[in-house]
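K.L.:
This structure is in C-alpha cells; I'll ask about it shortly.
2 protein chains.
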Amino acid sequence: MSHPHPDLEFPKPLAKGGVRVVPLGGLGEIGRNMTVIEYDGKLLIVDCGVLFPDDHQPGVDLILPDFEYIADRMDDVVAIVLTHGHEDHIGGVPYLLRLAPDIPVVGSQLTLALVEAKLKEHKITPYTLGVSEGMREVFGDFDCEFIAVNHSIPDALAVFIRTPGGNLLHTGDFKMDQLPLDGRITDLRAFARAGEEGVDLFLTDSTNAVVPGFTAPERDISSAIDKVFRHAERRIIAACFSSHVHRVQQVLDAAEKAGRKVALVGRSMVRNMGIAADLGHLHVPDGVLVDVKALDRLPDDKVVLICTGSQGEPMAALARMAGRDHRIDVGEDDTIMLLSSPIPGNEGSVWRVINGLMRLGAHVVHSGGPDRVHVSGHASAGELLYVYNIVKPANVLPVHGEWRHLVANRDLAIATGVRPDHVPLAEDGVVIDLVDGRARVVGAVPCGYVYVDGSSVGEADEDLLKDRRILRDEGFISVVVAVDVTEGKVIAGPEITARGFAEGDEIFSSVRPKIEAALAEALAKGTTDTGQLQQVVRRAVGGWVGGKIRRRPMIIPVVVEA
Amino acid sequence: MSHPHPDLEFPKPLAKGGVRVVPLGGLGEIGRNMTVIEYDGKLLIVDCGVLFPDDHQPGVDLILPDFEYIADRMDDVVAIVLTHGHEDHIGGVPYLLRLAPDIPVVGSQLTLALVEAKLKEHKITPYTLGVSEGMREVFGDFDCEFIAVNHSIPDALAVFIRTPGGNLLHTGDFKMDQLPLDGRITDLRAFARAGEEGVDLFLTDSTNAVVPGFTAPERDISSAIDKVFRHAERRIIAACFSSHVHRVQQVLDAAEKAGRKVALVGRSMVRNMGIAADLGHLHVPDGVLVDVKALDRLPDDKVVLICTGSQGEPMAALARMAGRDHRIDVGEDDTIMLLSSPIPGNEGSVWRVINGLMRLGAHVVHSGGPDRVHVSGHASAGELLYVYNIVKPANVLPVHGEWRHLVANRDLAIATGVRPDHVPLAEDGVVIDLVDGRARVVGAVPCGYVYVDGSSVGEADEDLLKDRRILRDEGFISVVVAVDVTEGKVIAGPEITARGFAEGDEIFSSVRPKIEAALAEALAKGTTDTGQLQQVVRRAVGGWVGGKIRRRPMIIPVVVEA
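Which chain is which? The protein sequence lines are A and B, in order. full-length UniProt numbering puts the first residue of the first sequence at 1, with every later residue one more than the last. full-length UniProt numbering puts the first residue of the second sequence at 1, with every later residue one more than the last.
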C-alpha cells in the first residue's frame with residue numbers, strides 16, 4: 001500500500017510526451033476541487049471550487065485551492081473546464097480569474113449561468129464557452145469531449161481529454177440514476193466508447209466509494225414526500241441545498257398535487273431557481289409559486305416554504321426559524337422536511353436545529369428517520385464497479401474524497417482488475433505523471449490551505465488560526481504601562497485589561513504588584529528599551545497566570561514612553 | 001402536544017402528600033443527568049453527572065447541573081443515589097459535595113469505587129453506602145429498592161422509590177441484552193413486581209427511543225473482533241471508552257485466543273480496568289496483560305493496545321497517534337478498531353482521526369463500516385415497548401435525551417396505552433408534581449448551564465462565551481494612548497496592537513490619523529474623562545474597521561493619564 005510521504009520533493013520536469021496531473025484540491029478532503037493537467041508546457045484546469053472551514057479554522061470564510069504552483073504560469077493555461085455548478089467546483093473561479101481574467105471558462109449552460117452570477121458579484125466578466133454533452137472542443141493539445149453525467153444538480157458533465165500523451169477521463173461528480181427526473185442519464189455508451197478508444201488515466205469520484213450497493217433513484221423519494229404532504233396538518237417547510245433543482249422540483253410537484261402554494265425563501269434559493277427555470281431545468285407548475293409575503297393571506301394547510309439550511313448552517317433560514325429569529329414563526333404541528341444528509345462534521349449543527357424545531361412543536365422529517373427523504377448525488381460502490389468494468393482504464397486516480405474515500409475507491413478499481421500499482425493514491429499537491437502508459441507519483445508541489453478571511457485572500461496562516469484558538473480557549477491579558485525612561489520610572493499603569501476569563505477582574509489585582517516590582521527592578525538596572533520592558537511584563541504576567549489560574553492566555557504587554 | 005413554555009413560573013409549594021420531581025440536568029441534552037425528588041420537604045437526588053461542552057462553549061472544561069434550586073436546602077437532602085459509574089451520572093458529585101460533604105452517596109460497588117477515585121482527586125472523602133440489586137434502603141420517607149439493569153458499564157442499577165405520595169421507578173441508563181457477558185440481565189421480574197405494586201411515575205432512558213427494533217447483544221460483536229484478529233498482519237490497537245469493561249473483556253479474550261499480549265494505554269483506562277479487575281468485573285486471562293514498555297520486545301503481530309480516544313478527542317491517545325504525536329508510532333498495516341459509535345457532534349473529529357490513521361497506512365475498522373464492532377448501551381424502541389408493557393405505569397417522564405429523543409420516548413409510552421396527558425415532556429428545570437396519581441408540569445426553576453472553566457465554577461456565563469466567540473472569529477484591536485489632560489494633549493501613542501486579523505499590520509496605519517483627529521477634537525472640547533476618551537477611540541476604530549475590512553472585532557481602548 002502506498003501513501004504520500006511528507007518527504008516528497010518538487011518533481012523533475014515532465015518527460016517529453018508525458019502528461020502531468022496536479023490535483024490542487026479535493027484529494028484528502030471534500031471540497032475545493034481543482035485539477036491541473038499539463039502537456040507540453042500547456043495547462044488545462046478542471047474545476048476550481050471552495051472548501052468550507054471547520055471548527056479548527058475559526059473566523060475563516062472560505063478555503064481556496066493553492067494557486068501557487070500555477071501562479072507564474074497563467075499564460076500557459078488554455079482553459080478552465082467546469083464539470084458542474086456546485087460551490088466546491090466553481091466557488092474558486094473568481095479568485096483564479098483575478099490572476100488572469102482572460103482564461104476561457106468552459107461549462108454547460110447551467111454551470112456557466114451559476115458561475116456568471118457569482119462573478120458578477122466580484123465584478124468580473126469572464127470569457128465563456130458554453131458546451132453540452134456530445135460536443136468536442138480543442139484547447140491547444142487538449143481535445144475535450146463532454147459527456148452527460150447525472151448528479152444532484154442538472155447539466156453536469158464528465159470530460160474525456162485526449163492528448164498526444166494519453167487519454168484522460170474525468171468523471172466530475174456523478175451517480176448513475178437510471179430513472180432521473182429529467183431523463184438525462186450518465187452516458188455509459190460514451191464511457192464505453194472512451195474505454196474502447198483507451199483511457200490511460202481515469203479520474204473518478206470517490207465520495208460514496210465507502211457506501212455499499214447502489215444509490216437509489218431521485219424519484220424514489222417522491223413517495224416519502226407525498227406521504228409528508230398527506231399527513232401535514234399545517235405548514236410544510238422543505239429545506240435543501242439551493243442548487244438542488246430536482247429536489248425543489250419534487251416539492252413543487254407534490255405541492256401542486258396537494259393544492260398548496262409554494263414560496264422560495266432566501267437569496268440563493270430564489271436566484272438559483274430563477275436561473276434553473278429560465279434555462280428549462282425547473283418546471284414550475286402554473287400558479288404554484290407565490291411570493292413569501294402572499295403566504296400570510298393563505299391558510300396554513302395551503303402553504304409550503306422551500307428554504308436553505310438543511311446542513312444546520314447557523315445563519316440560514318432554517319436555523320433562524322429554530323431559534324425564533326426569522327419572520328416565519330414555526331409553531332405547533334408545522335412539518336419540516338430536511339431534504340439532505342448531514343455532511344460529515346455538520347451532524348451536531350443539524351441535530352441542534354432539529355431539536356430546536358421540535359421544541360417549538362413542529363414535526364421534523366429527516367434522512368436519519370424512517371422515511372427516505374434524501375438520496376445522495378454520488379455513485380456508490382456498486383455503481384463504481386460498473387464504471388470501472390465499462391471503461392477498463394489502464395490507470396486510475398481516485399479523486400474527490402477524504403483519505404478513507406480514496407482508499408475505498410482504489411480498492412474497487414483493483415477489484416475490477418486494474419493493476420494495484422496502477423492506482424496511485426494522492427493528496428492535494430501530489431504530482432502524478434502519465435508516461436509510457438503508466439501513472440506514477442513523481443513528487444509534490446506546495447499546496448497549503450489558502451484562506452479567504454475578511455478582506456484578505458491567502459494572508460491568514462496557521463499561526464493566525466493558532467492565535468484565534470488561543471484567544472477563544474484561553475483569552476488574553478493586556479497590560480499597559482507608561483514609563484519615563486529618562487527618569488527610569490513608571491508614570492502610569494499598569495492598566496490591566498483581560499477578556500475570555502471566567503474569573504472576576506479582582507483576580508488580577510494580585511498580579512499588579514508583581515508587574516510593578518519586575519519593572520522597577522528592570523528600570524533600576526537601567527533597561528530603557530520598551531521591547532525589553534515588554535518582555536519583563538510578559539514574563540511576570542505569564543508566570544503568575546500559569547500558576548494562579550492554570551491558563552496560558554495571550555499576553556499583550558504595551559509599554560509606552562511618555 | 002405540550003412543550004415547555006419559556007414563561008413557566010416558579011412553582012407554588014408542593015401540595016401536601018404530593019411528590020415533586022425536578023430534573024436539573026439530562027432532559028434536553030445527553031449529559032449532566034440529575035433528578036431531585038421531593039416529598040414532605042425532604043429531597044432525594046438521583047445521579048449528578050457532567051455534560052461535555054461543544055464548539056459553542058469554547059474554553060469550557062465541563063458543564064454541571066445547576067444546583068441553585070437546592071443550594072439552600074442541602075440539609076434537606078437525605079441521600080444521593082448513583083445509578084452507574086459513567087461521567088454523565090457521577091462527574092458532578094465532587095461539586096455537589098463541596099456544598100455539603102456529609103450527604104450519603106449510595107451506589108453499587110463499582111459505581112462507588114469509580115466515584116471515590118474521582119473524589120480522591122478533589123480531596124473529598126465521602127460517606128458512602130454500598131448497595132446491590134435486591135437490596136432495600138430507607139432514607140427518610142424514601143424507601144429505595146435497587147434493581148439490576150444491563151448497560152455499557154457493569155453493576156448498573158435502576159431504583160424503585162416508594163414514597164407515601166406514590167411510587168417512582170427510575171431506570172437509569174439501561175438496555176435489555178438477554179445474553180450479557182456477565183449474565184447480569186435487566187431484572188424484568190423486579191420491574192414486573194414494581195408494576196403490579198403500582199408505578200405512579202416511570203422515569204425512562206430516552207437515548208435510543210429513536211432507534212427502531214432491538215439493541216444487539218454485546219457478545220454479537222465478538223465474531224467481528226475475532227475476524228479483525230484473524231486478518232491483522234501487525235499490531236492491533238483497540239480504542240473504546242475507559243469505562244467499557246465488557247468491551248475490554250472481549251478484546252482481552254480475543255487476544256488470548258490469538259496468542260497476543262495486551263497493554264492498556266492511558267491513565268483512565270489503566271485506573272478503571274484496575275478497579276474493575278479488583279472487583280471481579282474484568283477477568284484478565286493469565287499472562288495476557290503486559291506493561292506498554294514490554295511491547296517493544298514483542299513482534300508486531302503479537303501485540304494489542306487498548307486505549308481511549310474512540311470519540312476523536314484531540315488529546316486522547318488515538319488522535320495523538322493519528323497526528324504522529326505519541327510514542328506508539330502507528331504505521332503501515334497496523335489495524336485500528338474503533339469500538340464505539342460517534343456521539344452526535346463528534347463525527348467530524350472521529351473522521352479526522354480515521355483519515356489520519358489511514359494516511360499512515362493503517363487499516364481502520366469502525367462502526368460506520370461493514371463489520372459490527374459496536375453495540376449501544378441503551379434500549380432501542382422495541383425494548384422500551386416491552387418495559388412499558390411490563391410496568392404499565394400510570395405516568396411517564398421521559399429522561400436522558402435531547403428533545404427529539406424525549407418526544408420519541410413519549411410516543412412509545414403512549415403507543416402502549418399510557419394516557420397522552422399522563423406523559424409530560426420536560427426540559428431541565430421544569431417541575432413535575434405527582435399529586436393524586438397524576439403527573440403534571442407545574443412550573444420551572446432556574447436551571448442554567450454551570451460551567452467549570454479553569455479554576456472557576458459557575459462564573460463563566462453566556463457573555464463570556466460570546467466574548468470568546470468574538471475573539472475567535474473577529475479578533476481584537478487594542479489602542480493605547482497616553483494623554484496629559486491638564487495640557488489637553490496626547491503625549492504617547494496611539495499604540496495599536498491587533499490579533500486575529502489576516503491582514504498585515506500595515507493596514508492599521510490608516511486608522512491612526514483618524515484616532516488622533518478624534519482625540520484632538522475631544523480634547524479641544526475639554527473632555528478630560530478617560531472613560532469618555534476611550535469611547536472616542538472605540539468609535540473611531542469601530543467605524544473604520546467595519547468599513548475598511550468588514551469585521552466587528554473586540555475593541556479595547558486604553559487611555560492612560562500620564
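The C-beta atom is built at its ideal place from N, Cα and C for all residues, glycine as well. Quick caveat: nothing in here was measured; it's all calculated off a predicted structure.
Do ALA317/B and SER349/B count as a contact pair if the criterion is CB distance below 9 Å?
P.N.:
No, these two residues do not count as a Cβ contact at 9 Å.
K.L.:
Could one say the Cβ of MET1/B lies closer than 9 Å to chain A's Cβ atoms, at least one of them?
P.N.:
Reliability fails at MET1/B, whose pLDDT of 30 lies under 50, so the model's placement of it is uncertain and the value that follows must be treated cautiously. Closer than 9 Å: yes.
K.L.:
With 16 other CB atoms within 10 Å as the buried threshold, where does MET358/B fall?
P.N.:
With 16 or more Cβ atoms within 10 Å of its Cβ, MET358/B is classed as buried.
K.L.:
Report all residues from its chain with a CB closer than 6 Å to the CB of HIS244/B; omit the five preceding and five following residues, and keep chain order.
P.N.:
Here the set comprises SER152.
K.L.:
For GLY31/B, count the other beta carbons within 10 Å of its own beta carbon; 16 or more makes it buried, fewer makes it exposed. Which is it?
P.N.:
Buried is the call here.
K.L.:
Could you list which residues in chain A have their beta carbon closer than 8 Å to that of SER268/B, in chain order?
P.N.:
In chain order: nothing, as chain A lies at least about 20 Å away.
K.L.:
Tell me, please, which residues DSSP counts as bridged to HIS366/B.
P.N.:
The partner list for HIS366/B (beta bridge, DSSP) reads LEU338/B.
K.L.:
Do the CB positions of PHE214/B and GLY382/B come within less than 9 Å of each other?
P.N.:
Contact flag set, yes.
K.L.:
Would you mind telling me which residues of chain B sit closer than 8 Å to LEU471/A, beta carbon to beta carbon, in chain order?
P.N.:
By Cβ distance, chain B contributes ARG468, LEU471, ARG472, GLY475, PHE476, ARG499 and GLY500.
K.L.:
Flag GLY345/B as yes if its beta-carbon sits less than 9 Å from any beta-carbon of chain A, otherwise no.
P.N.:
Closer than 9 Å: yes.
K.L.:
Please check the pair PHE174/B and VAL149/B, which I expect to be a contact at CB under 8 Å, by giving their CB distance rounded to whole angstroms.
P.N.:
Contact flag correct, Cβ pair sits at about 4 Å.
K.L.:
Below 8 Å on the Cβ atoms is my contact criterion, and I expect PHE142/B with ILE161/B to pass it. Report the Cβ-Cβ distance as a whole number of Å.
P.N.:
Indeed, because the Cβ distance is near 6 Å, the residues count as touching under 8 Å.
K.L.:
According to DSSP, is VAL559/A helix, strand or coil?
P.N.:
Looking at VAL559/A - three-state DSSP - the assignment turns out to be strand.
K.L.:
Between ASP325/B and VAL480/A, what straight-line distance do the alpha-carbon atoms span, to the nearest angstrom?
P.N.:
In a straight line, the C-alpha of ASP325/B is about 38 Å away from that of VAL480/A.
K.L.:
Find the nearest neighbour of LEU471/A within the set VAL457/B, GLY493/B, LEU157/B and ALA498/B, judged by alpha-carbon distance.
P.N.:
Checking every option, the nearest Cα to that of LEU471/A belongs to ALA498/B.
K.L.:
For HIS3/B and GLY361/A, what's the separation of their Cα atoms in angstroms?
P.N.:
Any reading at HIS3/B needs caution, since the residue's pLDDT is 38, under 50, leaving its predicted position unreliable; the model's value is listed next. Cα to Cα, HIS3/B sits roughly 7 Å from GLY361/A.
K.L.:
With distances taken from CA atoms, which of ASP300/B, VAL304/B and HIS281/B is nearest VAL290/B?
P.N.:
For the residues ASP300/B, VAL304/B and HIS281/B, the minimum Cα distance to VAL290/B belongs to VAL304/B.
K.L.:
ALA460/B by DSSP, collapsed to three states: which one?
P.N.:
Of the three classes helix, strand and coil, the one that applies to ALA460/B here is coil, per DSSP.
K.L.:
Along the alpha helix (DSSP H) that carries GLU121/A, what are the first and last residues, could you check?
P.N.:
Taken as a continuous stretch (DSSP letters only), the alpha helix (DSSP H) holding GLU121/A covers 109 to 121.
K.L.:
If you draw a straight line from the C-alpha of ALA232/A to the C-alpha of VAL450/B, how long is it?
P.N.:
The alpha-carbon atoms of ALA232/A and VAL450/B are separated by roughly 39 Å.
K.L.:
To the nearest angstrom, report how far apart LEU385/A and ALA156/A are at their CA atoms.
P.N.:
Roughly 21 Å separates the two Cα atoms.
K.L.:
Which residues in chain A sit within 8 Å of GLU402/B, going by Cβ to Cβ distance?
P.N.:
Within 8 Å Cβ-Cβ: TRP351 and ASN355.
K.L.:
Rounding to the nearest angstrom, what Cα-Cα distance links ASP433/A and VAL138/A in this structure?
P.N.:
One C-alpha to the other measures close to 22 Å.
K.L.:
Please report how far the alpha carbon of residue 568/A lies from the alpha carbon of PRO494/A, in whole angstroms.
P.N.:
Nothing can be reported for residue 568/A, as the shown portion of chain A is limited to 1 through 562.
K.L.:
Should VAL435/A and GLY165/A be called a contact, given that it needs their Cβ atoms to be closer than 9 Å?
P.N.:
Yes, the pair counts as a contact, with Cβ atoms nearer than the cut-off.
K.L.:
For ILE496/A, I'd like the list of residues in its chain whose CB is within less than 6 Å of its CB, leaving aside the five on either flank, ordered along the chain.
P.N.:
So the qualifying residues of the chain are VAL479 and PHE508.
K.L.:
Quick test of the definition: if touching needs 3 or more C-beta pairs under 8 Å, does the segment 220 to 236 of chain A touch the segment 415 to 428 of chain A?
P.N.:
Not touching, per the Cβ criterion.
K.L.:
Taking the straight line between their C-alpha atoms, what separation do you get for VAL81/A and PRO94/A?
P.N.:
Each residue's alpha carbon lies about 14 Å from the other.
K.L.:
Helix, strand or coil, according to DSSP, for VAL78/A in the structure here?
P.N.:
In the structure shown, VAL78/A sits in a strand (DSSP, three-state: E or B).
K.L.:
Between the beta-carbon of ILE555/A and the beta-carbon of GLY542/A, is there less than 9 Å?
P.N.:
Yes, Cβ-Cβ distance for ILE555/A and GLY542/A is below 9 Å.
K.L.:
Let me see if you follow: with CB-CB separation under 9 Å, is residue 563/B close to chain A or not?
P.N.:
Any question about residue 563/B goes unanswered here, given that chain B covers just 1 to 562.
K.L.:
Please report whether the beta-carbon of ALA492/A lies at a distance below 9 Å from any beta-carbon of chain B.
P.N.:
For ALA492/A, the answer is yes, since a Cβ of chain B falls inside 9 Å of its Cβ.
K.L.:
What residue range does the alpha helix (DSSP H) around GLY443/B cover?
P.N.:
Careful: GLY443/B lies outside any alpha helix (DSSP H), inside the beta strand (DSSP E) at 438 to 444.
K.L.:
Ignore the nearest five residues each way along the sequence and tell me which others in GLU459/A's own chain have a CB closer than 6 Å to its CB.
P.N.:
Excluding positions up to five away in sequence, the list is empty.
K.L.:
Would you mind listing the alpha helix (DSSP H) stretches within the segment 278 to 326 of chain A that are 4+ residues and don't spill past its ends, in chain order?
P.N.:
DSSP runs (the alpha helix (DSSP H)) wholly in the segment 278 to 326 of chain A: 317 to 322.
K.L.:
Check each residue of the segment 540 to 556 of chain B: if its Cβ is closer than 7 Å to any Cβ of chain A, include it; give the result in chain order.
P.N.:
Cβ contacts with chain A come from ILE549, ARG550, ARG551, MET554 and ILE556.
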